[in-house]
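If you count the sequence shown from 1, position 5 lands on 5 in UniProt numbering, and the numbers rise without skipping.
We put the CB at the ideal spot given by N, CA and C, even for glycine.
Here the structure is laid out as structure tokens; the discussion comes afterwards.
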Amino acid sequence: MTDKYEVLKNNAEEAKEQEEKKQDNNSEGQEQTKEDVQKTFE
């Protein structure tokens with residue numbers, strides 16, 4: 001179980017970083033990243 005939660009936590013952090021990069025670039029796919037982050041925390 002611990003490994004699974006670690007992976008989710010890491011994925012959430014990566015998604016957050018990707019979202020910030022996408023906001024800087026103002027590129028497409030930003031909305032999808034937000035949804036992925038929300039799913040991770042639900």
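Lys34 to Asp24, Cα distance in whole Å?
On the sequence shown, residue 34 is found 34 positions in, with the first residue counted as 1. On the sequence shown, residue 24 is found 24 positions in, with the first residue counted as 1. Take the alpha-carbon of Lys34 and the one of Asp24: they are about 14 Å apart.
C-alpha gap between Tyr5 and Glu17, whole angstroms:
Counting from one through the sequence shown, the residue named residue 5 turns up at place 5. Counting from one through the sequence shown, the residue named residue 17 turns up at place 17. In a straight line, the C-alpha of Tyr5 is about 18 Å away from that of Glu17.
Which same chain residues, not among the five before or five after Val37, have their C-beta less than 7 Å away from its C-beta?
For the purposes of this step, residue 37 is taken as the residue at position 37 of the sequence shown. Sequence-distant Cβ neighbours of Val37 in its own chain, meaning closer than 7 Å and more than five residues away, are Ala12, Ala15, Lys16, Glu19.
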